[in-house]
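Asks: Take a look at this one; I'll ask things after.
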Amino acid sequence: MNADKFKIIPVSLQLLVENALKHNSISEENPMEIRIYDEAGYVVVSNTIQKKNVLNDSCGLGLSNLKERVKLITREEMVISRENNLFTVKLPLVDIRNESVNHRR
Numbered sequence: 000m001n002a003d004k005f006k007i008i009p010v011s012l013q014l015l016v017e018n019a020l021k022h023n024s025i026s027e028e029n030p031m032e033i034r035i036y037d038e039a040g041y042v043v044v045s046n047t048i049q050k051k052n053v054l055n056d057s058c059g060l061g062l063s064n065l066k067e068r069v070k071l072i073t074r075e076e077m078v079i080s081r082e083n084n085l086f087t088v089k090l091p092l093v094d095i096r097n098e099s100v101n102h103r104r
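Just so we're aligned, residue 0 is where the sequence shown starts under numbering that gives the first Met the number 0, counting upward by one.
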């Protein structure tokens with residue numbers, strides 16, 4: 000992929016990494032793996048699930064707001080999945096050459 004031809008929602012990667020750090024425990028014995036890569040017209044952010052053992056006071060607004068922004072700006076859905084001990088979010092790429100969403104390569 001030619002990265003200078005595509006864009007994503009501003010600060011979306013930061014929000015997803017912060018979300019992973021907020022909701023999971025991390026230690027030297029149990030390090031967290033966060034992967035960021037492109038896949039079929041999406042930027043994918045994936046992290047291992049290592050839930051913290053504390054009461055969760057989160058109401059899910061950060062992820063919900065990002066999902067709404069992605070839909071408004073790209074007219075495409077952000078894909079969220081939890082499987083095989085991984086939490087994964089796929090953000091659609093926008094082709095800046097013609098401002099179209101590029102997940103149908």
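Each residue gets a CB set at the ideal place from its N, CA and C atoms; glycine is no exception. Every value quoted in this text rests on a predicted model; they were computed, and no experiment measured them.
Would you kindly work out how many angstroms separate the C-alpha atoms of residue 47 and residue 34, rounded to a whole number?
Replies: Distance between the alpha carbons of residue 47 and residue 34: 9 Å.
Asks: On the DSSP bridge list, what partners appear for residue 87?
Replies: Residue 87 pairs with 45 and 80.
Asks: Just the C-alpha distance for residue 12 and residue 44, rounded to the nearest angstrom, thanks.
Replies: In a straight line, the C-alpha of residue 12 is about 8 Å away from that of residue 44.
Asks: According to DSSP, simplified to helix, strand and coil, what is residue 74?
Replies: If DSSP states are grouped into helix, strand and coil, residue 74 belongs with coil.
Asks: Under 7 Å between the Cβ atoms of residue 14 and residue 60?
Replies: No, Cβ-Cβ distance for residue 14 and residue 60 is not below 7 Å.
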